[in-house]
Every structure is written in C-alpha cells, then in structure tokens.
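Quick note: the sequence shown uses my numbering, first residue 5, plus one each step. Every residue, glycine too, gets a C-beta built ideally from N, C-alpha and C. Below is one structure; the comments refer to it alone.
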Amino acid sequence: MSQRNGMSTTKLQQITEVYRPFSDAKIGVACIKEDGTCLFANDTFTHILGYGTNELQGQSFLLLFEQKRHKQTSARLATLFKGKINSYKLKLNLLKKNMSVFSASVCVSTIQDEANVAIAAIVIISGISADADQLLEVKKLSYAVEYSGSAVMITDANGCIEYANARFTDMTGYPLNELLGNTPALLRSDQTHANIYRDLWNNVLANKQWRGTLVNRRKDGSLYWSYQSIAPIIDQSGTLVSIVSVSEDITRIKEHEKQMEQLAFFDPLTALGNRRKFRDALNQIIATPDTFNRALLLLDLDHFKQVNDTLGHDTGDQLLIAIANRLRFCTNENYTAFRLGGDEFTVLVHRADNLNTIEQLALEIIELLAQPIQIDSHEILITVSLGITLIHADGDEAGDLLKNADLAMYEAKRLGRNTFAFFKPHMDFEFKRALSLEMNLRHAIDHEELSLVFQPLIDLRTGKITGLEALSRWHHSIEGDIPVADFIQKAEDTGLIIPLGNWVLKKAMEVVLQLHLAGYPELMLSINISTRQLLNHSLITTLNEVLTETGFSPDQLTLEITGELSLSSIDSVLDTLKQIKSLGVTLAIDDFGTGGISLNNLRQMPIDILKIDTSFIQGLPNEHDSTIITSTVIAMAEKLGLRPHAEGIETQEQQQFLLTNHCFSGQGYLYSAPLSVEQLLCTLEENTGLFIDHSLSESDVRQIQ
C-alpha cells in the first residue's frame, strides 16, 4: 500500500478514471487525495487558474491558496477526511499560476468507499460572477459526481423524477422513459415502515440529508434492499428546487446478515432459537418485571441416546425435528420454544395468568410429545421429563434459573419420567448429593472399592446349589452402605455402567473359578448385563478378553438381560446376543413379565432361561393374578423350550407352587441371602453343596417328575 490512508495505487487510478469524463465540463473539477495531492484536474479547472493541461497533477492543493490560508485549509481537509463533515463550501481568493488573485466559489466534497470512509475529495470551482443557474448545475453535478457508480436519481421539488442514471435503471428494472415524470413511490413496498418514510421527508423538508435503508420493489415485483442517501438542493433564496438520491443495492449484504443471524441465533437442525437466542430472551424477560407469572420450562427427552444408538444419528436428527415441530404447536405469543443442544429444549412463558396455566402447558407438551412419531419404517415412542422454575419467584439470574429448571427436570426423571416437576429449594441439596454420588462412584470404580456378593441359584427339587448370581455392593468409608438401586441407576445415567460392568465380569469369573478349583466345578455363574452394555460396541471384545484372561469356561457363564429392554433397542442388540450365544454363553431374561419384551421379540431372541420377576412370586400362592401369570409364564417357557427360573422365593408354599407347576430352578431368601465369598465358602463346606432344610423327599421328587 503506497498511500498514507491505506488506499492502493490501483484504487486511486480507478477513482481518477471515474472523473475523466468531466475533462470537458464547463466547470472546474479536480480530485485530490487526503494529503492534498492533485490526482486529476480538468481543462476548465487548469484554464481558470492559468495552468496548462495536466500541469496541476501531482501538485499540492495548497499551491492554489495564499500562504496565510494554508493552515486553515489543511485543517478543513483533515476534518473532512476524518468524516466529521461530508463537504464544505466557501468563497475566497485563489492564486493563479502568475500569482494574480482569482475570486472563486470553492466546493469540496468527500468520495467514500463501501464502508463510508473518505478516500478522496472532489473540488469544484467557479467564478463568483457565475449566474444562479450555473451554481445550481454545480450543486447537482457535485452530488452526482460524488456518488458516481451508484444509482443516482434526481427529482424536482414536487418529487417528480427528472433524472436517473444507468445504474438506477438497471437496479430497478424501469427504463428511463417510464421513470421520468413519475415519482419514487412506484418503488415502494409494504416492507418499509411508514415511520421511515415520514422521517425521510422530515429531514428533506428541513433541508437535511437523510441516510437509511429501504425495501423497494423492482418492476418485476421482486424486492431489494436499498441503502440510500437523500439530500435536498436549495437555491440561493433557500427554496427547495431538487432532491438527489444516491443508492446502493445491498440485498446480498442483507441476505448474508440474515444467514449470519440464523447461524448465530437459530439451531440449524430444528430452526428453533438456539442457546444464545434463549439467553437473550430470558435476560430480556428478567429485565422487564411484570405482574403476570413467568416461567422457564426445561425439557429433556427420555432415553434419547438409546434411539441414537439403536436407529442411528440420522433417525435421531429426524426425531429432534419432529419434536421441534410439535413444540411449535404448543407455542404462541406468550410461549417461545428453543433448542439448547442435544435433546434439551426450553419453553419460555412470557406471561401466564396463574400457575395452573403453566401446569396445563406442561401437560399439553408431555401429552403431545408422547404420541407415536413415524420416521421412515420406525414408529418411535418418546417421552419427556420437564422441569419448571418460576422467573423472579425462584431467581433473577439466568444461570440460577437454568440450574433450577435442570434440578426440577431431574426430579421429574426420578419420579418416573414422562412427567413434570416444579423447582423446590431442597432440590439443590439433592443435586449436590447426586453429584457427590457420581464422583465417589467414579473413584470407587477406578480404585476397585466395590465388592461382590453371590446369591445361590437352587435346584428346587433337591435344594442343591447349581450356580451363583454375582451382585455388586458398595460400602463407602463415610456414607456406609450405598443402596444398590441408587448407585446402579447413577452408573446407568452417567455411562459408568460400562467400566463397572467390565469389572464385575472379570472379578466374578475370577472368584467362581477359584470355587471350581476348590472342589465345586459344577457351579454356574450368572451376571447381569444392562441394555447400555449390550449397546456398547466393545462388549463382545471385552467378553472374549475376560474369558481368555481368566480361563473361565463360556458354557458355565449366564448373562442376564434386563426385562426392561425397550422395543427400539431389541433390533439393535439381536446381533450382539447372537454373537454372545455363539461363544457358548447361556442367555437369560431377567425380571421377565415387567419389561417391554413381547412374545414375538422372545421368539426372535436366542434365549435359554426366563427369570420370573419377584413381584409375581411374592403373591404366590394366594393372589389370583400372581398364580395365573406365574403358571402361564412357566407353561409358555416349557412350550418354547426355555427353562423357567423364579426370583425372590421366601416361603415353602411358594416353592411348592413352583414345583407343582414344573418350575425347578429359583433363588431367594428362603434358601440364602446374597453371600460374601467367605460366607459362601462356609455355607458350601457346611452343607456339602446342599440346603437340606428345604429339599424334598425322594418320594416328593418322584411324584413331581
């Protein structure tokens, strides 16, 4: 860059070429740089001052002024190029080449680039004796020249178009003959507010320049954005005689701005407002107190990750779009929906008459989202957990309100999902406790601070221990025994179930292998596997590695699959189950009768054992429903070639009912609670592998068989 103001030589040359057409103009026209260097002067300009053609080019503008005016002239130029003024006009004496004085009217105006930065100036001079018509022509020409290359239009005082350049006709699509005598109103669209036109005319009638953006309509009906500079031209008596409009088509700029705004404030997948848009809207609500109730609703889709893992991310994305579209049905001028990211959405309630209105909205959202969603060949059932916090009542900080809604949402999940909960102060304590539980669990897994207990699996006919179910336990050094349901659920929610499950696999095999070596080689090992583990692509690799490392025989291992395996997950785990089966491992369905596995699913799955849920066994033999369900499951298992196994046996009457209905395998406190390894060894040694107290006589066994 060779110029002080950063403008390239090429740019200066382009500017110079723009003004070449004025070489033959009858008024003196010159173009100068910021430092006063003359870039161009037409013949009239040089002739007036007694110079030859091109003689002033490269000379200083100050050369034309008396010495006493140099400082003042430099200051005016500096003010002009700093953008403090756009032009100035004065009458003074100029010096001709022969040093004689020439009384002149001098008008200096800036030439601006696309960023409205002054890059050069146009100088127009004329003798004081010039008549009024000539001065008026100079004014018109100065504006037209200043914005040369832009769309220029000139009207008379009544707004009738007198002139439009080629750029203007190209931009609007109107030929010149259709413009002349018409008014700019033919370009108006309903996209520009009337207040803008009112402000425009107020400025013009006050002899002030107006700059702004209008949305105009071309002859073909298409809309375009026009950035316009409109200025009045008045004669010597102060009367408005013409109006000059210089405009640029900024449609592409506006479209780019819209795209940037869309990227900055809207979620590209769902087109809902994004987290940034949400925070702006929330802060605006907080900053404008109102007597109406206001609320923040935070929505989290239940088991959305499972949909992603089983059906793929494309289907997951389509599901999010469908959810967003349904949320739009629940919104109006008082409710606005946003997507924060992932499967989290929010709804801002701008005004509600009472809390019941907010509750009704929450119920409407839950009910609407719970309806089946068809995506390609999949019918997806999804539920939502919804947390609600009241703006102002629960807090006045965006961060606090979002945290409150998050806590309430987790409370809704704790309540069973597919419901909502309002924020309560005690939830903060529960959240901190849950966070502490997660951190402690992570530490316990990493440092192998958990332990295993084993509940014997019993042949109900003989009382003999046929196997062991491995169950994890956690004794915290400060908190004491942590409930199994608490830390297993936390492991599921956080993904810690993967490392925890891997540890259980290896540790349980090592323990039971030692029991085999200690004289109990017939013992089977049963281990629970969660849906999340089955969906983990590394399960088969991990299982192979542990079997190889420990030397445990696959045909003595049973993996128990939770009965709550969802319908959407079954298709995705079938291949994994078949791979497990191919290793020689036995497969069982745990808690059968309480989950989502249908008979058709059961037929497709390579299952060997059905474990009847404790809830059915507890009602035996007196509760009618329990007896019907249990006997039906046993009969069904027999027909399908599966082995039924009862969980939670606590009485001899329950045992007798099961045996009578040909269920010969079970477990429960009637026989033994879960035992530590030491307790298990003692039990095995004391009873030589038999629980004599609850075994049947030989005649009873023969009768059942």
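Inter-residue Cα distance where the pair is residue i and residue j
i    : j    : result
E690 : V311 : 50 Å
K101 : S64  : 13 Å
F458 : Q671 : 11 Å
R607 : L614 : 12 Å
N297 : E337 : 15 Å
N181 : G153 : 21 Å
E452 : K511 : 10 Å
F424 : D294 : 25 Å
I199 : L218 : It should be pointed out that residue 199 corresponds to Asn in this sequence rather than to Ile. C-alpha separation (whole angstroms): 11 Å.
D3   : F85  : Only positions 5 to 709 of the chain appear in this structure, which leaves residue 3 out of reach.
S557 : P625 : 38 Å
G484 : Y673 : 23 Å
K262 : L96  : 50 Å
F2   : T634 : No answer is possible for residue 2: the residues shown for the chain start at 5 and end at 709.
G471 : H396 : 59 Å
Q710 : Y167 : Not covered by the structure: residue 710. The range shown for the chain is 5 to 709.
T173 : F49  : 32 Å
L98  : A235 : 29 Å
I370 : S381 : 24 Å
I449 : A489 : 16 Å
L68  : R192 : 47 Å
G242 : I31  : 23 Å
Collapsed DSSP secondary structure at residue i in the structure displayed
i    : result
D485 : strand
S557 : coil
K511 : helix
E690 : helix
R215 : strand
F296 : coil
A210 : coil
H451 : coil
T546 : helix
M157 : strand
A198 : helix
H520 : helix
Neighbour-count burial assignment, residue i, 16 or more Cβ in a 10 Å radius
i    : result
V121 : exposed
T664 : exposed
V105 : exposed
Q560 : buried
G403 : exposed
C164 : exposed
K582 : exposed
Y339 : buried
C686 : exposed
D595 : buried
Q322 : buried
G499 : exposed
F308 : buried
G467 : buried
Q659 : buried
R332 : exposed
G320 : buried
L267 : exposed
Beta-carbon contacts of residue i that lie in its chain and below 6 Å, excluding the five residues immediately before and after
i    : result
R418 : none
L475 : V457, P678
I486 : W478, H480
N532 : E564
I593 : I565, G567, I611, L614
G505 : Q537
I254 : W229, Y231
S630 : F620, G623, L624
L204 : W214
F668 : L464, R465
L184 : I165
T196 : L218, V219
K258 : W229
Integer-rounded CB distance, given that residue j should sit under 8 Å from residue i
i    : j    : result
A409 : F427 : 7 Å
V388 : L373 : 5 Å
V550 : L509 : 5 Å
L365 : C334 : 7 Å
Beta-carbon contacts of residue i that lie in its chain and below 7 Å, excluding the five residues immediately before and after
i    : result
L344 : R279, F282, T350
Cut-off 8 Å between Cβ atoms - residues of its own chain near residue i, not counting five sequence neighbours on either side
i    : result
D575 : T314
K585 : L591, P610
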